[in-house]
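Notes for the one structure printed next.
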């Protein structure tokens, strides 16, 4: 068991069409190569989204929750949709899971058109919605049984499957207790295992770890990775950076309904021109060394603050060799050394100009499909 | 000190004002009570279908028969307008046929005039005593017509179903009420609760069909309503002292209750497939409960209702249910009479089930 779930090896970025944003949010509408995108769709892409938009219109205002989004999800990957509250993640998930119909654009899940073949799609997906959808009056077992039947799990294996899932969620001893008596974490775990009771081809997890304590989050991450090893494609929305960083093969940033970046973690890091941050502790600094340091290739900026040199370099691990060689040359003893890659948060701030949690999420909150009509 | 109560008051009042639908229903309900309840119960009874026949032989009409028939057919209810006449007289030549029609519920009474060679000269009035309202009216009409004509024939009243009290008359209606109240709380409320709590999002993404959802809810509601109706049926028998004539009648009653449950439940569920707030749903269902129960004839014979209200009974499943139940329980009638009720209930259920399925929202919008 890997605590904290070791990060999966990132899938090498596709060299053909990495769908990088041109610059900032404004005109960054990724245009996947039609030809290659379509022809390879059968085997590599399990979800294709093409210029999808969703507009919620009410009397007072209209909100564009999803704005001309196009991307693909590859078969077997863990795909992260990252964005602030109200960025349009859940709306996108609801469109893909046939709960909402798009205002314009197309989307295909396993080659089924979401507006033409919603029944076909419902058979191959598992969904864990953001809010609790288990019936709190029923027991955990009854809830799973209900969904097992709705998802067409054969009766012969249903009972064993339910117990397997209950054990997985650590709820076996509470199987016959009403879900209403469960803590938030227990409910959430039940929701997640319920979503894959029928071993779906694609699993949609909308903020699966929201409101969970760190330990429970790790357990959920383990479950997700275990499922992914069984070749389940997983689409995950989150606004937790660390979660996306640990779990996802590829990450899509969503901001105000637009897709502003999509790539592997490694490639996303390269978006930040400042690159990695190298901190070197020293006793004294030779001005000549400093000058020469600036001319080292890959180094972008150097600043000396008392006994510390801060260097930003485009490729930190590569640059560090020549930097250390330089220190050797000038015989400057190094007392400490650290290289820090930009975190997802750094990238997000760089791309959007604001953080995730304190963005203007609430103000921009897409109304979503209200319960009231 | 008053901040707390005021804050609660303000919150509550804001919620009240933000829901115009509930405000409307709050005002609408009493007005509808006034109009429907008032009209259904207070209307003057007119157009009672009666059969008039003269004893045979001989086959010549007596002057009494001719005159009385004419007079009976022209008893005016207040105004001169023909539409308001009290009795609708059908002339029969065959007494047996007239009585058969009375048995089958086609007419409310048969008035038999004596032939010229009658021994006692008595006018016999056969009334449908399962209806507690019309027999006295027919009786009164016959008496007054005879008086007008100066005839002094004795009148013999024959209650063809024996003495039936209003309690027994009304008791049958209460079976229907039990069905309706149970569907109010049971039928479809689960769907609305799911929607209110957002639980439906969970199963809408599964392959389950909307027809399965609607049919599942209807069948569970039907069974619940059936249990309620069946229980009240027994209690009704105990309280009102009605006895069923045969085991076949008992089975027929069960069949009628079941089909009526299906009709009413599918009506309610077809509404539930559209609503998303328990409060709104309950007020609409309460309104329907009133409309349907008042016009069902449970309290008061449908014949006493004004014409516009009687139109509602045509599409009212409870009317057919109550009619069928009364036919079996009070009048010991069979399929020949209740067949039409069952067909109407089945058509009604089918339409409502289809409506429920078609209007069910498979998406969150």
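Residue numbers (the working numbering), protein chains in the order written: chain A, 658 to 1030; chain B, 11 to 375. Where a beta carbon is used, it is the ideal one built from N, C-alpha and C, also for glycine.
For residue i, the three-state DSSP class (helix, strand or coil)
i	result
residue 731 of chain A	strand
residue 900 of chain A	helix
residue 798 of chain A	helix
residue 972 of chain A	coil
residue 55 of chain B	coil
residue 933 of chain A	strand
residue 103 of chain B	coil
residue 84 of chain B	coil
residue 326 of chain B	coil
residue 964 of chain A	coil
residue 333 of chain B	helix
residue 927 of chain A	coil
residue 111 of chain B	helix
residue 823 of chain A	helix
residue 953 of chain A	coil
Residue burial classification, residue i (beta-carbon count within 10 angstroms, cutoff 16)
i	result
residue 684 of chain A	Confidence is the limiting factor: at residue 684 of chain A the pLDDT is only 40, short of 50, which leaves the residue's position unreliable, though a coordinate-based value still follows. Exposed, since its Cβ has fewer than 16 Cβ neighbours within 10 Å.
residue 172 of chain B	exposed
residue 694 of chain A	Residue confidence is low: residue 694 of chain A scores 38 on pLDDT, short of 50, so the model does not pin down where it sits. No coordinate-derived value is stated.
residue 746 of chain A	buried
residue 162 of chain B	exposed
residue 837 of chain A	exposed
residue 878 of chain A	buried
residue 911 of chain A	buried
residue 25 of chain B	exposed
residue 38 of chain B	exposed
residue 353 of chain B	exposed
residue 261 of chain B	exposed
residue 17 of chain B	exposed
residue 822 of chain A	buried
residue 808 of chain A	buried
residue 145 of chain B	buried
residue 299 of chain B	buried
residue 751 of chain A	buried
residue 895 of chain A	buried
Interface residues of chain C facing residue i [CB-CB closer than 8 Å]
i	result
residue 710 of chain A	Absence of chain C from the displayed structure is noted, the protein chains being A and B.
Whole-angstrom C-beta distance between residue j and residue i, which should lie under 8 Å
i	j	result
residue 335 of chain B	residue 185 of chain B	6 Å
residue 835 of chain A	residue 794 of chain A	6 Å
residue 998 of chain A	residue 907 of chain A	No, residue 998 of chain A and residue 907 of chain A are not in contact; Cβ-Cβ is about 17 Å, not under 8 Å.
residue 128 of chain B	residue 67 of chain B	About 11 Å separates the two Cβ atoms, so there is no contact after all.
residue 939 of chain A	residue 977 of chain A	Incorrect: roughly 14 Å between the Cβ atoms, too far for contact.
residue 205 of chain B	residue 372 of chain B	At roughly 13 Å, the Cβ-Cβ gap does not stay under 8 Å, so residue 205 of chain B and residue 372 of chain B are not in contact.
residue 738 of chain A	residue 749 of chain A	7 Å
Whole-angstrom distance between residue j and residue i, CA atom to CA atom
i	j	result
residue 890 of chain A	residue 771 of chain A	17 Å
residue 155 of chain B	residue 285 of chain B	56 Å
residue 256 of chain B	residue 342 of chain B	9 Å
residue 181 of chain B	residue 813 of chain A	49 Å
residue 982 of chain A	residue 952 of chain A	13 Å
residue 826 of chain A	residue 734 of chain A	23 Å
residue 95 of chain B	residue 55 of chain B	9 Å
residue 229 of chain B	residue 701 of chain A	45 Å
residue 92 of chain B	residue 120 of chain B	Its pLDDT being 48, under 50, residue 92 of chain B is placed unreliably by the model, and nothing is read from it.
residue 366 of chain B	residue 786 of chain A	26 Å
residue 740 of chain A	residue 902 of chain A	13 Å
residue 344 of chain B	residue 855 of chain A	52 Å
residue 401 of chain B	residue 47 of chain B	Here chain B covers residues 11 to 375 and nothing more, so residue 401 of chain B does not appear.
residue 789 of chain A	residue 210 of chain B	10 Å
residue 59 of chain B	residue 150 of chain B	15 Å
residue 174 of chain B	residue 264 of chain B	22 Å
residue 797 of chain A	residue 222 of chain B	23 Å
residue 758 of chain A	residue 846 of chain A	28 Å
residue 943 of chain A	residue 956 of chain A	18 Å
residue 85 of chain B	residue 356 of chain B	39 Å
residue 281 of chain B	residue 832 of chain A	35 Å
residue 718 of chain A	residue 760 of chain A	16 Å
Residue i CB to nearest heavy atom of the ligand GTP below 8 Å
i	result
residue 69 of chain B	With respect to the ligand GTP, the structure offers nothing, as it holds no ligand at all.
**Study point:** Every unbroken alpha helix (DSSP H) within the segment 116–173 of chain B, with a cutoff of 4 residues, ordered by chain
**Key:** Counting whole runs of 4 or more residues, the segment 116–173 of chain B contains the alpha helix (DSSP H) stretches 144–158.
Point to revise | Within the segment 826–861 of chain A, ranges of the alpha helix (DSSP H) (whole runs, at least 4 residues) | key: 841–852
Exercise for review: Could you pull out every unbroken alpha helix (DSSP H) segment of at least 4 residues lying fully inside the segment 742–801 of chain A, listed in chain order?
Suggested key: 746–753, 775–781
Exercise for review: Could I get the ranges of all uninterrupted alpha helix (DSSP H) runs contained in the segment 192–220 of chain B, with 4 residues as the minimum, in chain order?
Suggested key: 199–207, 210–214
Check your understanding: What alpha helix (DSSP H) runs, 4 residues minimum, are completely inside the segment 864–911 of chain A?
Key -> 871–886, 898–904
Review point. Which runs of the beta strand (DSSP E) fall wholly inside the segment 283–311 of chain B and span at least 3 residues, in chain order?
Key: Segments of the beta strand (DSSP E) lying fully in the segment 283–311 of chain B: there are none.
Exercise for review: Scan the segment 332–374 of chain B and note each continuous alpha helix (DSSP H) run of 4 residues or more that stays entirely inside, going in chain order.
Suggested key: Here the runs fully enclosed are 345–369.
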